[in-house]
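Taking it in order: structure first as structure tokens, then the write-up.
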Amino acid sequence: MAEYKIRPITREDMPALKAVIDGTGLFPSEMLDGMATGFFSGEAGNDFWLTVEDGAPVAVAYYVPERMTQGTWNLLLIAVHPEWQGRGLGAALMAHVERHLAARGERVLLVETSGLPSFEGTREFYRRIGYEQEARIRDFYQAGEDKIVFRKAL
2 MAEYKIRPIT
12 REDMPALKAV
22 IDGTGLFPSE
32 MLDGMATGFF
42 SGEAGNDFWL
52 TVEDGAPVAV
62 AYYVPERMTQ
72 GTWNLLLIAV
82 HPEWQGRGLG
92 AALMAHVERH
102 LAARGERVLL
112 VETSGLPSFE
122 GTREFYRRIG
132 YEQEARIRDF
142 YQAGEDKIVF
152 RKAL
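So the sequence shown is residues 2 to 155, counted in the working numbering.
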């Protein structure tokens with residue numbers, strides 16, 4: 002594997018990040034613009050990290066503080082371009098996020114994902130890196146699509 006670097010995103014990264022998200026096919030990249038607005042405006046509590054390999058963005062993570070809590074954060078987005086999956090970049094990016102939050106004294110990171118069979122690989126990824134399934138909310142996203150919540154103490 003070539004050298005990779007994890008750094009905050011820039012406005013110039015947005016087209017490449019949309020390509021990463023579109024490549025996964027798991028959710029629409031149009032969501033990225035709304036997420037990035039607060040980050041670029043300097044709004045407190047938004048963190049966006051990007052993994053760059055060979056000069057190209059290949060993975061992204063975005064997380065925010067969970068409202069009405071102390072030290073609980075929610076990972077709203079992690080995506081690794083399919084051509085780069087299976088090389089440890091997603092796990093490295095998650096470890097970076099966890100270290101970053103722990104260094105600031107945060108306590109818990111939550112991850113929410115779909116209960117659909119097509120997301121089994123995603124759920125297995127979270128289990129493999131130490132997250133425990135904390136909850137299942139039936140029919141959350143739409144009829145027949147549950148929300149699965151994973152949790153990890155930092």
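The beta carbon of each residue, even a glycine, is placed where N, CA and C say it ideally should be.
Secondary-structure assignment with DSSP links L111 through a beta bridge to N75, R152. Where P58 is concerned, the enclosing beta strand (DSSP E) starts and stops at 57–66. In the same chain as V53, and ignoring 5 residues on each side of it, the C-beta atoms closer than 6 Å to its own belong to K6, in chain order. Taking 8 Å as the cut-off, the beta carbon of V98 is found closer than this to the beta carbon of A62. Beta-bridge pairing by DSSP links Y5 to E54. Classified as exposed, T11 has fewer than 16 neighbouring CB atoms from the shown chains inside 10 Å of its CB. Taking a cut-off of 8 Å on C-beta distances, the stretch 137–153 touches the stretch 114–128, as three or more cross pairs fall below it. The alpha helix (DSSP H) runs of length 4 or more contained entirely in the stretch 111–148 are, from start to end of the chain, 121–129.
Per the coordinates, the alpha-carbon of V109 lies some 5 Å from the alpha-carbon of T73. Relative to K153, the option among Y142, P83, L76 whose CA is nearest is L76. For P16, the uninterrupted alpha helix (DSSP H) run begins and ends at 15–25, by DSSP.
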